[in-house]
Amino acid sequence: MASKVLLFGHLRPVFFGKKSFSTSAVKNAAAPPGSPPYRLDVPPMTYGPRVKFIHTVQTLIWFNIFYSFWYQPELALGHPQFQPPKPELWTDEELGIPPDDYDEVVEQGNAYYIRSS
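Under the numbering used here, the first residue of the sequence shown carries the number 38, and numbering increases by one thereafter.
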């Protein structure tokens with residue numbers, strides 16, 4: 038059952054019956070003749086000699102880095118037998134701290150003052 042309705046200045050047919058599920062117009066899904074088919078399998082990538090050489094060099098570099106970390110970790114982490122310095126054992130003289138009975142001479146303008154600690 039169809040009737041016509043005036044939409045946007047044109048008479049359009051309106052159907053008052055069973056509607057289809059799709060609300061869009063039917064498109065022509067066929068490709069034009071001579072065009073390549075849609076969604077073909079992509080051919081596998083082939084690498085040239087330059088890319089193979091770069092991959093080989095990168096592999097050797099990373100192998101060297103991991104080999105060095107595994108067999109010579111002290112190169113990156115420091116030698117395990119190295120003892121860090123203990124500040125408790127340092128003397129005042131090594132740290133540059135003057136003795137307790139040291140008097141400091143301070144100059145202010147033309148006058149000299151002795152500042153005791």
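Glycine residues also receive a C-beta, built at the ideal position from the N, C-alpha and C atoms.
All figures in this text were calculated on a predicted structure; none of them were measured in a lab.
Could you pull out every residue in the same chain whose Cβ sits closer than 7 angstroms to the Cβ of residue 30, ignoring the five residues on either side in sequence?
-> Lying outside 38 to 154, the shown extent of the chain, residue 30 is not represented and no answer is given.
Residue 97 to residue 86 span [Cα, whole Å] = 17 angstroms
Output the distance between the C-alpha atoms of residue 103 and residue 137, rounded to the nearest integer angstrom.
-> 54 angstroms
Whole-angstrom distance between residue 108 and residue 128, CA atom to CA atom = 39 angstroms
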